[in-house]
Structures are given as structure tokens and as C-alpha cells.
């Protein structure tokens, strides 16, 4: 599928990356540059030993947090966790011993900063839990931020606080992690097994391909370890319990965007934290105390300089200043992004999502067309370029002109040869046909956008108890279903986007006889799938064209004229 000539591209990319990932000098704690290898290694060892040194929280500091945590792990769960190893697992253990006995020896690989650098759980956690998606957090956050932004009346204001946690995994206190696992009700034997794995780590550093330095950490969980995201969930669960306890005592209230909507005080996704609260001084003081107490016990440190707060428009300047002073964070008009996506809509959707096209253009510019065969370009289009907008398309309907510009940019990349423009002999619609139909199987971007939004709509229909479903139902279709919902008053951009995909769902949804449940007609098991929905959407598009052959001929002629 990839021609031999394409290999030059991948070899050239690897060579360029190798040259780029070299550290020649480093600044020490006093601000002096160290350029000799011994000096660089000394600075790095001192830095990482400092990161993994425990602050040794006191029992009083631990109990201030742990007192809010209630057991959630039942006896039946513990019985499952403590099941003896099976006969099949024992031989597999010895077969993998060569790997296992070095499993806790870890290299920290050092690379230069790059320009393009940018885890029994509460329902407010939407990560690594079956049935919960990152897009749920994005859509809930956008809906509440839309409410906060447009609130202009009322005695009290509303706020959205976005906090940045520094080195979340590296600064987890082992004593706190062990205590929270036990407090949740996990059996001591299973906790001991996990903590033995966490605390027996040995680190060494890799500088420009050379290994040096060995040290044992006293805190932290490893980046890249499959177990670490789940352990961090338990650490963050303590923070969620503290907020819930404060809400139960009336110290904080959370926000409800309509009468029937559930009250939301916070959302967590790994180390990304956003808090929604009434904009009052006593509320902000309570949040500040929770942040300090949680930080002392868990080792987590809130980076106030990177944290920010959005306040509703019904608050005066003096009120805004007082709240900002209490929390020591900046008041901004809008959070730049949350989980990589916008938190509120601006005046221009095109400007809001322009970064997608820019990112795709940057990728194309980084690929040298002279080294790529056309088959290689096809692989990069499918595997890289067309996957870039997928995440955004799952939450937002992109403007038609932007989708068209993206398609034309991809077509230009496909037809280029040795840096020269070439005639576009086929229209984009022909490219998007399946290989069986004579096309190349590229995605029609508008149709794919509709399908990804329809997937969210399907979740609203089939998961009515999810937090996102409850919020949207309370605001937009309280006495009906998503399939019968109206646009409503002052809808958010995300709701307008979901509504545009509803027609596709209406084409494929069927209600089960004698039940309120829905099934997807175009799947043998009745489950919605992106693939089946995309086929349906393309079928609908072809049906709506007055003359497929004429329209494709016109499109091909317009492509040739470019």
C-alpha cells in the first residue's frame, strides 16, 4: 500500500527528530547556564530528587480530608478483588518473568521543550469509567458556562473556576493514597499489594540517549503506567468528597441552570478541575480552604497563576475584585479552553475553530511532498489529517465554509507532486466514495461532523440518567424526548449543534414494541455505530442530489478550473 519511495519520508522525519531532541545546556537553580555533561547531570538529578521528595503531611492534615470520605466498596467487591490466582495465571507469570522483575525500574527520558507541547467514583468524574466520555465533560461545561455568561439579572452572581494542578502525578503523597484507598473500604491486603507496586519504583535519567543516576522516590505515581490513571482517580475522589461535604453543610451550593436541572458544583477529568459556584465571598472562602487542605494532605499543588475565574455579568466591579482577592486568581472574560475545546462561543464560529485548519496546515507543511508517494499521502490523509477534527466534531457543528476549506486543503495536498500544483482530475465527492464504488474512502467532512454529533444525540436517548442527559433534558426537552425537542430559548452552540444532527437519528431510530427503548435500525444488534450512521448520511445526501452524475461533473469541472 505504501510505495518504497515513501520510506525516505519516514527516515527523514526520524533523523530530523533525533537532531531536535538533544539537550546541550541547562539553567541551574541560581540561574547559571551549565554546558558540561557532568554539570547538566548534577542539575537534573537535584531537580528530580526534589520533585519526588515527600512533604510528609501530618495526621491532622490527612484527617481534615479523610473525614469527608465515606466507604463505597462493598464486601462483594472486595471478595472479587481478593480472588486467588488461577492455574492459568501462574505459568503466564513465570513466562513473563524477564519483563516482570524489571517492571518497576523506570527511565525518565529528558527532551527539550517543544513549541507544540501543550486521569466507586463520583458522577462528576468522567474519565476511565465505562460509559463516561470526555465529551460529556465538554458539553456539560459548555452548557453551564453559557448560563454563567448570559446571566445578567439576580441578586447573586455565578462563577466558573478553572484550576490548574502542577505535576499532578509526581506529587501524589503515598501515605495519602494508601489512606484514601482504605477509607473507601478497599481491603487492606489489596491496598498493600498496590502500594508495594507504587513504592518499589527506582528511577534513572536518560540524557541524549545516555543513562545516568539512580534514585528511589518518596512520593508520586509514574507517568505512562497503566495503573496510575486509576490510582489518581482515587486521589481526586477525595477532593470531590470534600466539595460534596461542604455542599451538604451549606457552605457551597453549586449551580443549576434551570428549575429541574441537577445541581452541579464541580467536574473532574483526571487533573483538569472546574468548579461552578455562587459568586459570594463566603463561598469563595470555603473553596479556598478546601484547596489548601486538599493540597497539604495529598501533595497536589494548585497553580494559581494558571488558574482563572469567570463571573456572570450581573456582578459589579467591586464585587469582582473582592472575589478575585479571596481566591488569588485572575478574573477573565472566558476560559481559553477546557479539555482542549472552547468553553463559550464567540461572535464568529469560524474564528473559534480556526485552530483546527491551522493545525492541519502545519502538519501538511511538515511533510515533504517530494519524499511521499501518492499512496503515502493517502495514508496520511486518512490516519492523520482527517482524524484531527474528530474530537471537535463530536461536540460542535463546524461552519460549512470551514469544512469546505479543510476539504480543499486536503485535496491540494493529495494532488501536489514535487512541490508543483497539479490539475484536480476528480471532484471531492468522488474521493469520498468507497473503494467499491471507485473512490478512495476519504471522509466527507460535513457528513462526518453530522455523524459524530448524532453519536452524542444517541447517548442522550439511551443514557437518560447520565449527568449530561439530565441537564439538557431539564433545559430543552423537559416533557418530551430528544427526538421531539425544540431549539428552545437562547440555546447554546452545543445544543444547536446537536439539534442539527437530530434528523439523522430520526431516520435510523426505531422504538421497540411495548417499550420506551430505542434501537438503531441499521445495525444487526440495534446499537448505534459511526460507520453505519455515516453510510446512512451519505445515502441520504446522494438521494437529495437532483442528478448525481450532473452534479459530480460540475464539481469536477470546478475543481479543474482552480
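Numbering (UniProt numbering), first residue to last: 1 to 562.
Where a beta carbon is used, it is the ideal one built from N, C-alpha and C, also for glycine.
Spatial distance of residue i from residue j (CA atoms)
{"i": "residue 341", "j": "residue 85", "result": "44 Å"}
{"i": "residue 119", "j": "residue 225", "result": "The pLDDT assigned to residue 119 is 30, lower than 50, so where the model puts this residue is not dependable, and the model offers no usable value."}
{"i": "residue 166", "j": "residue 506", "result": "45 Å"}
{"i": "residue 482", "j": "residue 190", "result": "44 Å"}
{"i": "residue 270", "j": "residue 502", "result": "31 Å"}
{"i": "residue 565", "j": "residue 473", "result": "The shown model of the chain, from 1 to 562, leaves out residue 565, and the question about it has no answer."}
{"i": "residue 439", "j": "residue 471", "result": "42 Å"}
{"i": "residue 563", "j": "residue 398", "result": "Look at the range of the chain in this structure, 1 to 562, and you will see that residue 563 is not part of it."}
{"i": "residue 332", "j": "residue 320", "result": "10 Å"}
{"i": "residue 328", "j": "residue 302", "result": "11 Å"}
{"i": "residue 257", "j": "residue 318", "result": "25 Å"}
{"i": "residue 70", "j": "residue 249", "result": "15 Å"}
{"i": "residue 463", "j": "residue 259", "result": "21 Å"}
{"i": "residue 408", "j": "residue 431", "result": "12 Å"}
{"i": "residue 518", "j": "residue 461", "result": "8 Å"}
{"i": "residue 244", "j": "residue 367", "result": "50 Å"}
{"i": "residue 91", "j": "residue 81", "result": "20 Å"}
{"i": "residue 335", "j": "residue 253", "result": "22 Å"}
{"i": "residue 67", "j": "residue 77", "result": "22 Å"}
Counted within 10 angstroms of its Cβ, other Cβ atoms place residue i as buried (16 or more) or exposed
{"i": "residue 219", "result": "buried"}
{"i": "residue 520", "result": "buried"}
{"i": "residue 57", "result": "buried"}
{"i": "residue 186", "result": "buried"}
{"i": "residue 434", "result": "exposed"}
{"i": "residue 211", "result": "exposed"}
{"i": "residue 428", "result": "buried"}
{"i": "residue 274", "result": "buried"}
{"i": "residue 36", "result": "exposed"}
{"i": "residue 272", "result": "buried"}
{"i": "residue 242", "result": "buried"}
{"i": "residue 524", "result": "exposed"}
{"i": "residue 116", "result": "Here residue 116 scores only 32 on pLDDT, less than 50, and its place in the model is too uncertain to base an answer on."}
{"i": "residue 217", "result": "buried"}
{"i": "residue 193", "result": "exposed"}
{"i": "residue 515", "result": "exposed"}
Residue from the options with nearest C-alpha to residue i
{"i": "residue 326", "options": "286, 359, 350", "result": "286"}
{"i": "residue 261", "options": "309, 186, 144, 338", "result": "144"}
{"i": "residue 382", "options": "45, 443, 299, 298", "result": "443"}
{"i": "residue 510", "options": "522, 500, 499", "result": "522"}
{"i": "residue 25", "options": "91, 207, 310", "result": "207"}
{"i": "residue 476", "options": "396, 491, 90", "result": "491"}
{"i": "residue 214", "options": "42, 318, 525", "result": "42"}
{"i": "residue 203", "options": "536, 469, 45", "result": "45"}
{"i": "residue 62", "options": "235, 256, 495", "result": "235"}
{"i": "residue 141", "options": "493, 524, 480", "result": "493"}
{"i": "residue 160", "options": "284, 83, 460, 227", "result": "284"}
{"i": "residue 448", "options": "388, 243, 68", "result": "388"}
{"i": "residue 452", "options": "396, 460, 156", "result": "396"}
{"i": "residue 377", "options": "459, 28, 242, 411", "result": "411"}
{"i": "residue 394", "options": "530, 374, 432", "result": "530"}
{"i": "residue 134", "options": "458, 217, 174, 468", "result": "468"}
{"i": "residue 373", "options": "351, 414, 408", "result": "414"}
{"i": "residue 230", "options": "181, 242, 246, 264", "result": "181"}
{"i": "residue 281", "options": "263, 264, 315", "result": "315"}
{"i": "residue 47", "options": "460, 336, 30", "result": "30"}
{"i": "residue 386", "options": "363, 375, 400, 401", "result": "363"}
{"i": "residue 188", "options": "157, 79, 247, 158", "result": "79"}
Cβ pair residue i, residue j closer than 7 Å
{"i": "residue 137", "j": "residue 233", "result": "no"}
{"i": "residue 164", "j": "residue 296", "result": "no"}
{"i": "residue 498", "j": "residue 456", "result": "yes"}
{"i": "residue 403", "j": "residue 357", "result": "no"}
{"i": "residue 178", "j": "residue 195", "result": "yes"}
{"i": "residue 72", "j": "residue 205", "result": "no"}
{"i": "residue 353", "j": "residue 294", "result": "no"}
{"i": "residue 279", "j": "residue 323", "result": "yes"}
{"i": "residue 201", "j": "residue 106", "result": "yes"}
{"i": "residue 299", "j": "residue 198", "result": "no"}
{"i": "residue 170", "j": "residue 51", "result": "yes"}
{"i": "residue 265", "j": "residue 247", "result": "yes"}
Supposed close pair residue i, residue j - CB separation, criterion 8 Å
{"i": "residue 312", "j": "residue 148", "result": "5 Å"}
{"i": "residue 360", "j": "residue 290", "result": "Going by Cβ atoms, the distance from residue 360 to residue 290 rounds to 41 Å, so no, they are not a contact pair."}
{"i": "residue 380", "j": "residue 454", "result": "27 Å between Cβ atoms; not a contact."}
{"i": "residue 338", "j": "residue 162", "result": "6 Å"}
{"i": "residue 277", "j": "residue 292", "result": "So it is not a contact: roughly 16 Å between Cβ atoms."}
{"i": "residue 40", "j": "residue 34", "result": "5 Å"}
{"i": "residue 533", "j": "residue 508", "result": "7 Å"}
Proximity test, residue i beta-carbon vs the ligand ZN heavy atom, cut-off 6 Å
{"i": "residue 411", "result": "Questions concerning the ligand ZN fall outside what the structure shown contains, since it holds no ligand whatsoever."}
Contact with chain D by residue i, beta-carbon distance below 7 Å
{"i": "residue 290", "result": "Within the model displayed, chain D is absent; a lone protein chain is all it includes."}
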